[in-house]
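Participant: One structure is given below, represented as structure tokens, and several questions about it will come after.
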Amino acid sequence: MSGTIILIDGPSGCGKTTFACGVPEPRALLETDPDGSRWLREHFTEYSNDRSMEAVKKKLAEWADAPVSKVVSIVVDTWSYFWLLVVQHVMDENERKQHYDTKNTYKAWGPAKMSIRRLHDQLVRAKRAGKQVLLVSHTKEKTSQADDKTVVREGLVHTGEAFLNDILDVGLRMFIDYKKDTRYIEAWKCRPQRNFKPLIVGRIDVPRYESQTIYPKVLEMIGHAPESNAASDSEAEDASAVNAMKQAATGGR
């Protein structure tokens, strides 16, 4: 089985975490949303509720490098927590100084984005080891303002979406009709296959109380996911970029 990196997003209570219980065993869960997955902890062999970026990076690396007999699937519920965390670090003066050693908000964004990329490395490593990676995220309504000052609704997005696009194989969105108590999943992003056919086409209906049965069906539809061009060592890549910028600033000396 080839490794994949999949993100499932949707509104609270639609069944995203139950969907995550369908990943192949043995499973590892990194939990940042107690309301979402604490009651499902027994379905996971490995469990962690680490919250700091450094602790999470080490835990994900441990699971990525573990033999498949110990960990074959990694679930992060919710992934958007880490993007919200770095935003908090950047916007709060004390946190900004502590984590990024600067008082300047704009200067803090560079290292903040790099810290997120460090976590991406572990996900790519897990995929290359043939493991399944599932990220869970909440959705929010994206809006803009028209010339007449009216608010234009542009559809649902998840927090930090742009920073995942280069490593995701598939982005799934779960929809729910609360009145009819019906759910379904659609793909908002699919890495194309060599014949340009998307990995997943159309809508997947989710039977009531059976969200956990859908993940195997998704894997069957995906088949062999192609490799991405995402870096597996962004720390070295970022260090090289920073060094290049320093040389440019000093005229190459």
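Residue 17 is where the sequence shown starts when you use our numbering, and the numbers rise one by one after that. Don't be surprised by glycine CBs; every beta carbon is placed ideally from N, CA and C.
1. Along the chain, where does the alpha helix (DSSP H) containing Phe-191 start, and where does it finish?
2. Going by the CB atoms, is the gap between Leu-23 and Leu-180 shorter than 9 Å?
3. How should Lys-86 be labelled, buried or exposed, when 16 other C-beta atoms within 10 angstroms of its C-beta is the threshold for buried?
4. Is the CB-CB distance between Ile-183 and Met-190 below 9 Å?
5. Closest by CA to Phe-98, which one among Ala-82, Glu-78, Thr-121, Asp-66?
6. Can you tell me which residues form a DSSP beta bridge with His-154?
7. Please report the distance separating the alpha-carbon of Lys-147 from that of Pro-42.
8. Quick check: the Cα distance between Leu-151 and Val-91, rounded to an integer number of angstroms?
9. Does DSSP classify Thr-34 as helix, strand or coil?
10. Would you kindly report the start and end of the unbroken alpha helix (DSSP H) that includes Tyr-231?
11. Going by Cα to Cα distance, which pick from Thr-61, Val-39, Lys-32, Glu-62 is closest to Asp-49?
12. At the level of alpha carbons, what is the spacing between Ser-28 and Gly-19?
13. Do Arg-112 and Ala-124 have their CB atoms nearer than 9 Å?
14. According to DSSP, simplified to helix, strand and coil, what is Leu-76?
Facilitator: Short version:
1. No alpha helix (DSSP H) holds Phe-191; the beta strand (DSSP E) holding it covers 186-193.
2. Leu-180 places its beta carbon less than 9 Å from that of Leu-23.
3. Burial call: exposed.
4. Contact: no.
5. Per the C-alpha coordinates, the member of Ala-82, Glu-78, Thr-121, Asp-66 positioned closest to Phe-98 is Asp-66.
6. According to DSSP, which records beta bridges pairwise, His-154 is partnered with Gly-26.
7. Cα to Cα, the separation comes out at about 11 Å.
8. Approximately 6 Å, taken between the alpha carbons.
9. Looking at Thr-34 - three-state DSSP - the assignment turns out to be helix.
10. 230-238 is the extent of the alpha helix (DSSP H) around Tyr-231.
11. Taking only the C-alpha atoms, the option nearest Asp-49 is Lys-32.
12. Our two residues, Ser-28 and Gly-19, have alpha carbons roughly 27 Å apart in a direct line.
13. Cβ distance < 9 Å, so Arg-112 and Ala-124 count as in contact.
14. Helix, per DSSP.
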